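Residue numbers (UniProt numbering): 1 to 414.
Printed below as a string of structure tokens:
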């Protein structure tokens with residue numbers, strides 16, 4: 001272990017273990033789903049995050065992305081020249097769903113047998129608390145090179161408006177790398193799947209169900225397109241095939257809307273199909289959309305209907321090399337804290353890191369407290385020991401990256 005890594009261990013030892021757990025509980029106890037009808041937003045969580053930051057003497061910038069939905073971003077300067085590392089987490093959570101499916105209060109933040117329960121406990125309020133207290137530990141360890149950006153952003157569970165807004169700022173252009181503090185168990189995820197979301201509208205002609213010859217029914221055409229998507233999916237699963245960490249490409253029909261159950265005797269004039277495409281590196285998103293349009297046009301011609309294919313969202317695969325300094329910094333810190341060899345994996349969905357990569361070219365890895373598959377489920381939880389452990393890893397990873405402790409190894413590996 002290098003002397004720089006020893007320096008980072010001092011930062012890990014300065015983590016306030018009780019405070020990071022308490023902050024996680026306080027964050028979980030705030031229902032921060034985006035639900036205007038229920039009067040919920042990320043605002044109260046943002047206020048708490050900003051309050052904690054100000055308590056450390058930081059000067060967070062609170063910026064409304066849309067009314068009632070603020071990003072909170074603080075910059076902690078180490079006092080010496082050096083690079084800029086970003087810690088990123090989101091403040092919104094998904095709905096708790098049906099309360100009867102929970103065995104605990106979804107917003108109680110209760111600790112039972114070493115597990116801290118509640119909506120957002122893993123995804124990702126533990127990560128937000130951990131990145132804040134890890135940065136504080138680095139600051140308490142003394143002067144360090146460069147800066148740490150601590151960003152708690154809104155709307156990751158929606159359209160990632162917070163990350164998209166951040167990438168428009170001057171600060172985003174100064175960030176050299178980021179650690180996204182999402183729950184990934186013990187994995188360091190340097191790659192994430194891409195996503196293309198398509199909204200397909202098929203227009204025909206209404207008619208009486210007893211006289212279909214006078215209409216142009218869009219439903220059979222859409223059904224044929226769904227079958228065509230299945231065939232195309234098989235092609236993509238064969239070439240480029242299965243990715244080591246991300247698995248296979250999927251083209252999944254998720255929305256189908258046509259006609260009315262109250263009027264089964266009416267041939268609808270329009271049908272809408274939603275498709276969620278999840279891709280691996282090697283899949284060309286523009287070519288994917290063009291292929292779907294081509295198949296749809298051919299099917300439409302046969303059925304006498306027209307198709308319009310809209311790309312609603314396009315998120316590329318995010319790929320950071322495993323020998324990049326930020327990847328190595330997290331790997332070395334994980335090894336130092338846990339005593340276990342790091343394991344690299346992949347994010348099956350997308351995170352704010354996808355937007356940071358797409359819009360600002362910021363290399364990033366996803367690593368954080370919580371089981372990888374527990375997000376959005378009833379009885380969501382995070383292990384208390386894991387919150388503390390990951391906070392220490394973050395502190396050590398920050399100093400390893402900022403001091404260049406991984407630079408020589410990164411150069412040798414590239």
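Virtual Cβ for every residue (Gly too), placed ideally from N, Cα, C. This structure is a prediction, so every number in the text was calculated from the model and none was measured.
{"Item": "Tell me the DSSP secondary structure of residue 135 in three-state form.", "Value": "helix"}
{"Item": "What first and last residue would you give for the alpha helix (DSSP H) that runs through residue 299?", "Value": "285-303"}
{"Item": "Tell me where the alpha helix (DSSP H) around residue 53 begins and ends.", "Value": "43-55"}
{"Item": "Exposed or buried, which one is residue 265 when buried takes at least 16 other CB atoms within 10 Å?", "Value": "exposed"}
{"Item": "So the candidates are 307, 16 and 331; which of them puts its Cα closest to the Cα of residue 136?", "Value": "16"}
{"Item": "With DSSP run on the structure shown, which of helix, strand or coil describes residue 406?", "Value": "coil"}
{"Item": "With a threshold of 8 Å, are at least 3 pairs of Cβ atoms found where one atom belongs to the region 95-114 and the other to the region 194-206?", "Value": "no"}
{"Item": "In whole angstroms, what separates the C-alpha of residue 358 from that of residue 42?", "Value": "24 Å"}
{"Item": "Starting from the C-beta of residue 245, find all residues in its chain whose C-beta is less than 7 Å away, skip the five residues before and the five after it, and write them out in chain order.", "Value": "191, 344, 345 and 346"}
{"Item": "Confirm, please, whether the CB-CB distance from residue 66 to residue 140 is below 8 Å.", "Value": "no"}
{"Item": "In angstroms with no decimal places, state the Cα-to-Cα distance between residue 365 and residue 90.", "Value": "15 Å"}
{"Item": "Taking all protein chains shown into account, decide if residue 363 is buried (16 or more other Cβ within 10 angstroms of its Cβ) or exposed.", "Value": "buried"}
{"Item": "Looking only at its chain, what residues have a beta carbon closer than 6 Å to the beta carbon of residue 248, apart from the 5 residues adjacent to it on each side?", "Value": "237 and 242"}
{"Item": "Just to confirm, is the Cβ distance from residue 275 to residue 125 under 8 Å?", "Value": "no"}
{"Item": "Is DSSP giving residue 245 helix, strand or coil here?", "Value": "coil"}
{"Item": "Got a sec? Which residues, its chain only, sit under 6 Å from residue 8 by beta carbon, not counting five neighbours each side?", "Value": "Model confidence at residue 8 stands at a pLDDT of 41, short of 50, so the residue's coordinates are unreliable; what they give is reported in the following sentence. Excluding positions up to five away in sequence, the list reads 396, 399 and 400."}
{"Item": "For the candidate residues 138, 348 and 226, whose alpha-carbon lies nearest to that of residue 198?", "Value": "226"}
{"Item": "Judging by CA-CA distance, which residue of 189, 94, 200 and 80 is the nearest neighbour of residue 40?", "Value": "94"}
{"Item": "Here's a check: name, in chain order, each residue in its chain whose Cβ is nearer than 6 Å to the Cβ of residue 285, leaving out the five neighbours to either side.", "Value": "196 and 314"}
{"Item": "Excluding the 5 residues flanking residue 337 on each side, which residues of the same chain have their C-beta closer than 7 Å to its C-beta?", "Value": "12, 389, 392, 393 and 396"}
{"Item": "Please report the distance separating the alpha-carbon of residue 105 from that of residue 120.", "Value": "12 Å"}
{"Item": "In the DSSP assignment, find the alpha helix (DSSP H) that holds residue 229 and state where it starts and stops.", "Value": "218-238"}
{"Item": "Name the DSSP beta bridge partners of residue 364, please?", "Value": "178"}
{"Item": "With DSSP as the reference, label residue 20 as helix, strand or coil.", "Value": "helix"}
{"Item": "In the structure shown, what three-state DSSP assignment does residue 124 receive?", "Value": "helix"}
{"Item": "Do residue 221 and residue 269 have their beta-carbon atoms positioned less than 8 Å apart in this structure?", "Value": "no"}
{"Item": "Do residue 71 and residue 128 have their C-beta atoms closer together than 8 Å?", "Value": "no"}
{"Item": "Quick one: what's got a C-beta closer than 6 Å to residue 318's C-beta in the same chain, skipping five residues either side?", "Value": "192, 353, 354 and 357"}
{"Item": "List, from N- to C-terminal side, the beta strand (DSSP E) runs of 3 residues or more that fit wholly inside the region 189-214.", "Value": "194-203"}
{"Item": "Taking residue 143 as part of the beta strand (DSSP E), name the residues at either end of that continuous run.", "Value": "Segment: none, residue 143 is in no beta strand (DSSP E) and carries neither H nor E."}
{"Item": "With respect to the beta strand (DSSP E) encompassing residue 270, which residues constitute its N-terminal and C-terminal limits?", "Value": "270-279"}
{"Item": "Rounded C-beta distance between residue 46 and residue 152? I'm assuming under 8 Å.", "Value": "7 Å"}
{"Item": "How would you call residue 146, buried or exposed, if buried means at least 16 neighbouring beta carbons within 10 angstroms?", "Value": "buried"}
{"Item": "Candidates 200, 150 and 289: which alpha carbon is nearest residue 181's?", "Value": "150"}
{"Item": "For residue 212, collect the residues of the same chain with a Cβ closer than 8 Å to its Cβ; drop the 5 residues on either side in sequence, then sort them by chain order.", "Value": "267"}
{"Item": "Among 311, 22, 163 and 148, which residue has its Cα nearest to the Cα of residue 48?", "Value": "22"}
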